[in-house]
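Take a look at the structure below.
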Amino acid sequence: MAIGNEEREKEAQRVSVVRGNIQRRIIELRQTVDDRRSEATAIGRSFWDDISVNADNDDDLIETAASMAQQEHVLQGQERSYRLAQDALRKLERVVDAPYFSRIDFQEKGEQDREKIYIGLTSFIDSKTDEILIYDWRAPIASLFYDYPPGPATYRTPEMDVSGELWLKRQYIIKSGELQDVFDTGISIGDEMLQKMLSRSADEKMSSIVTTIQREQNQIIRDDHHKVLVVQGAAGSGKTSVALQRIAYLLYKYRTTLSADNMILFSPNSLFSDYVSRVLPELGEATMQQTTFQDYLTHKLTDTGLKLEDPYDQLEFILTGTEKDPMYAARLQSITYKTSEAFLRVIEAYGDKLKEGGIRFVDLAVGKKVLITADELSERFYGKPSILAIGERMEQLSEWILEKLDVFQADVQKRFYRKLVREPKYMGSEPEMKKMSRVKAHKAITPLREKAQKLAYVDVLGMYKELFTDASLQQELVGLSHQPLPEAWTTISEVTVGALTQGHLRYEDATPLVYLKGLVEGQLRVGTIRYCLVDEAQDYSPFHYAYLKKLFPRARFTLLGDWNQGIFTHANANVSVSVSESEKTSALEGASVAQQEQGYSSISELMGEDETETIRLVKSYRSTREITDFACQVLPGGEPVEPFSRSGEEPRLLRAASEQELVRLVAETAALRRDGGASSVAIICKTERETASAHGRLKPLLPDLARISKDTLHYEAGVMILPAYLAKGLEFDAVILYDAGAAVYAEPKERKLFYTACTRALHYLDVCYLGELTPFLRG
Ligand SMILES: Nc1ncnc2c1ncn2[C@@H]1O[C@H](COP(=O)(O)OP(=O)(O)OP(=O)(O)O)[C@@H](O)[C@H]1O
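Note that UniProt numbering has the sequence shown beginning at 1, numbered continuously upward.
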């Protein structure tokens with residue numbers, strides 16, 4: 001709703017007053033930053049001048065140490081205040097051109113006045129009057145803006161709930177310090193503003209949604225009560241956006257006790273990490289630990305020397321193979337089993353059993369010289385009964401080894417020394433010879449010490465292999481898991497051991513191996529992580545979740561996913577746990593509401609039912625209504641998706657009769673979209689194999705075509721080609737499906753992938769195909 005001229009003028013004036021105020025503060029802060037920097041540098045330079053170094057006796061030494069500690073304290077204080085001033089300066093410099101984006105007028109129950117609350121990215125207080133000129137969007141009162149239409153409203157503070165009347169909700173568009181537009185909003189947050197935001201072009205980096213967060217999204221962003229929050233959100237419903245806003249919110253709310261180091265976000269791939277990297281800095285927060293599960297596993301497995309398969313290579317194998325091939329079928333079974341809770345129980349039972357015996361030790365040796373034999377290690381570990389956990393016992397063993405190494409080092413040093421004394425050529429003084437023999441002995445023992453510290457005397461890989469070679473061990477552990485082994489177990493075992501022996505670790509073996517390693521080595525827990533957020537949560541298996549829960553015992557979890565986009569085999573296993581065969585098939589075809597329920601209940605069972613809350617986001621903001629409706633027909637029986645009311649062109653189906661014609665058609669369509677103003681145009685293929693071949697054919701017709709692969713770290717706007725599974729989580733102005741023919745997309749397992757590809761488009765979707773159209777679009 002537009003507002004009158006007089007009111008608009010008042011608002012424009014306020015913008016300029018507040019901006020002037022901020023500009024003055026910026027000038028002051030710049031001066032403060034300069035002063036503090038000089039002070040800190042000066043203190044650093046005169047550090048030693050101000051300390052009286054006296055080492056004549058113990059009392060003087062203590063005094064010297066005290067004087068150093070005091071100087072260091074002063075220096076740290078100066079550096080801290082310099083950093084604080086610099087942070088404040090950066091925040092204001094970021095907002096000076098658009099200090100706030102909304103206003104609410106709120107009258108608290110029992111109060112006479114209506115308070116005007118202006119909301120922006122960061123708060124700002126008038127230093128003379130102490131008036132709050134801008135409230136941070138994360139302040140408790142600001143939630144009224146996101147949660148209520150005008151009328152009765154309540155917000156929650158740490159102490160109590162505050163109720164009252166919301167009289168006004170107003171939004172501003174301010175650019176370069178000038179008020180460009182202002183309007184009052186009614187029921188939801190400015191449809192007008194949202195329309196503007198959503199009709200923009202897709203950037204190569206994601207932007208924050210702070211000005212138009214919707215009520216149901218706000219609920220997730222500010223949730224403080226649940227240990228585990230599961231968000232099932234339709235494609236484009238803002239899951240990733242919400243995850244990032246939530247991180248910013250938590251960092252603000254718990255700013256005195258929580259830092260970015262206490263949070264971890266698991267993203268699907270490095271390209272995606274880069275795609276979302278702008279949001280937190282845009283919101284004024286430091287970026288936090290962002291990793292992919294793959295990187296995490298690689299880091300954990302560095303000292304095994306194994307080459308870890310990429311999850312995308314695993315997927316490429318699944319998508320390009322055929323179930324007629326027995327090795328292919330065996331691998332599918334292997335993936336499903338090794339990502340299941342049943343296998344998790346097998347590993348846990350194995351861990352329990354190892355308390356009594358069975359850990360494989362290896363000789364601790366340098367070259368041919370064995371210092372401690374495997375038998376000695378085993379005897380030391382299992383010799384006496386112990387109530388301690390394996391990890392703690394391993395720690396004790398490690399200490400014992402390190403003590404032995406100290407004795408060994410002293411021995412070696414003596415030997416070196418004797419050798420030097422006997423050496424006629426060497427003419428050094430006694431202290432020199434002692435020093436030299438100490439250094440040499442230390443150098444000689446260092447590799448052993450490193451091995452001991454890395455627990456290289458335990459053969460975890462060998463123990464993992466035993467699961468596939470030792471029939472009686474298998475029988476015993478599998479019995480405890482109450483689940484039968486997969487049919488192709490013999491083949492699975494041979495292939496697993498064969499690959500491991502050659503130094504290859506298949507992706508499905510990585511988490512079980514890391515888990516077993518953690519159980520044996522006792523380094524399973526990372527207590528510093530307080531919040532763990534998982535994006536694309538449908539791609540994680542029950543095994544992954546159980547592992548994450550063990551890994552971060554103090555963490556609260558936010559798991560955001562869309563079970564309709566579950567493209568990994570285990571994701572399908574996830575929703576098909578204990579359902580009938582016919583349901584299993586349809587789980588591959590698209591998660592029905594019932595099957596999605598199954599998926600959540602499986603997660604909540606794993607994470608603790610009492611502590612898990614599931615929230616659904618059904619409204620989709622990314623694509624036009626036409627594209628959303630089109631994509632929904634791919635998943636019959638899937639959960640309904642509500643498109644945001646933004647209209648555009650109908651998706652087009654474009655048939656080609658020959659390969660040549662298909663290439664020409666795709667190239668022409670890409671050029672049409674690019675020339676028509678779409679800044680990002682993605683040609684989406686099914687697999688890497690198809691991408692490589694299509695890229696070769698298209699390149700002569702589209703010289704600027706960029707190819708995105710799993711190793712690409714970031715991309716630029718323009719025309720690009722990529723496989724569907726890499727397009728996950730990303731969005732583009734125009735999407736062209738390279739070949740949606742029945743020869744490419746027909747099998748049930750490809751349905752969700754196809755759906756994911758269609759839902760990447762903001763404004764245009766062109767579905768090219770060769771010959772007959774995929775059955776997914778034929779009703
Ligand atoms: N409240 C909002 N205001 C403005 N834009 C929004 C809002 N919510 C979502 N969007 C926009 O919708 C698009 C999709 O959001 P996002 O990528 O977070 O969704 P998603 O649920 O993670 O999608 P997917 O599962 O399909 O990858 C983005 O362009 C995002 O900026």
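Built from N, CA and C at the ideal position, the CB exists for glycine as well. Since we're looking at a predicted model, the values are computed, not measured.
In the DSSP assignment, Q289 falls within the beta strand (DSSP E) that extends over 289 to 291. At least one heavy atom of ligand 1 lies less than 7 Å from the C-beta of Q214. Taken atom to atom, the span from the alpha-carbon of Y745 to that of E165 is near 55 Å.
Residues L229, V231, V242, R246, I615 of the same chain have their beta carbon placed closer than 7 Å to that of I220, with the five preceding and five following residues left out of the count. Under a 10 Å Cβ-count criterion, G696 is classified as exposed, with fewer than 16 other Cβ atoms of the shown protein chains found around its own Cβ. Residue G357 holds the alpha-carbon nearest to the alpha-carbon of G383 among G367, E395, P700, G357. Distances from the CA of G351 to each of P484, G391, G367 were compared; the closest alpha carbon is that of G391. Burial of H763 is indicated by the presence of at least 16 other C-beta atoms within 10 angstroms of its C-beta. Distances from the CB of Q217 to the heavy atoms of ligand 1 include at least one below 7 Å.
Relative to ligand 1, the beta carbon of L194 is positioned inside 7 Å of a heavy atom.
According to DSSP, F732 shares a beta bridge with A761. When the beta-carbon positions are compared, L505 and I347 stay at least 8 Å from each other.
When C-beta atoms of the segment 487 to 494 are compared with those of the segment 511 to 530, fewer than three pairs fall below 8 Å, so the two segments do not count as touching. The C-alpha of F183 is placed about 19 Å away from the C-alpha of Y135. In this chain, A248 is not harboured by any beta strand (DSSP E); it is covered by the alpha helix (DSSP H) spanning 239 to 253. Secondary structure note for D113: it is in no beta strand (DSSP E), with a DSSP letter that is neither H nor E. In terms of Cβ geometry, V641 and A234 form a close pair [threshold 8 Å]. Burial is judged here by how many other beta carbons sit within 10 angstroms of a residue's own beta carbon; M160 has fewer than 16 and is exposed.
Looking at the DSSP output, Y531 sits in a beta bridge with M263, R556.
Taking C-beta separations shorter than 8 Å and ignoring five residues to either side along the sequence, the partners of R36 in its chain run Q78, S81, Y82, A85, following chain order. Between ligand 1 and D562, a heavy atom-to-CB distance of less than 7 Å is present.
Under the three-state reduction of DSSP output, W489 falls in the helix class.
Judged by DSSP in its simplified three-state form, Q214 adopts coil rather than helix or strand. About 14 Å separates the Cβ atoms of L168 and P152, ruling out a contact at the 8 Å cut-off. Nearest C-alpha to G305 among S237, T240, A456: A456. Pairwise C-beta distances place the segment 264 to 274 in contact with the segment 722 to 731, as three or more of them are shorter than 8 Å. Burial is judged here by how many other beta carbons sit within 10 angstroms of a residue's own beta carbon; H442 has fewer than 16 and is exposed. In chain order, S437, R438, A441 place their CB closer than 6 Å to the CB of Q413, counting only its own chain and leaving out the 5 sequence neighbours on each side. The secondary-structure analysis by DSSP pairs C685 across a beta bridge with P723. Between the alpha carbons of I264 and L665 lies a gap of roughly 44 Å. Spatial neighbours of S102 in its own chain (CB-CB distance under 6 Å, excluding positions within 5 residues in sequence) are listed in chain order as I119, F145, Q171. Close CB contacts of I173 within its chain, under the 6 Å cut and outside five residues either way in sequence, are with Q180, D181 (chain order). Contact between R94 and G284 holds: their C-beta atoms lie close to 6 Å from each other, under 8 Å. Comparing alpha-carbon positions, the option among G498, K465, L722 lying closest to E690 turns out to be L722. Here the segment 665 to 680 lies against the segment 701 to 718, with 3 or more beta-carbon pairs under 8 Å apart.
Boundaries cannot be given for V458, as no beta strand (DSSP E) includes it and DSSP labels it neither H nor E.
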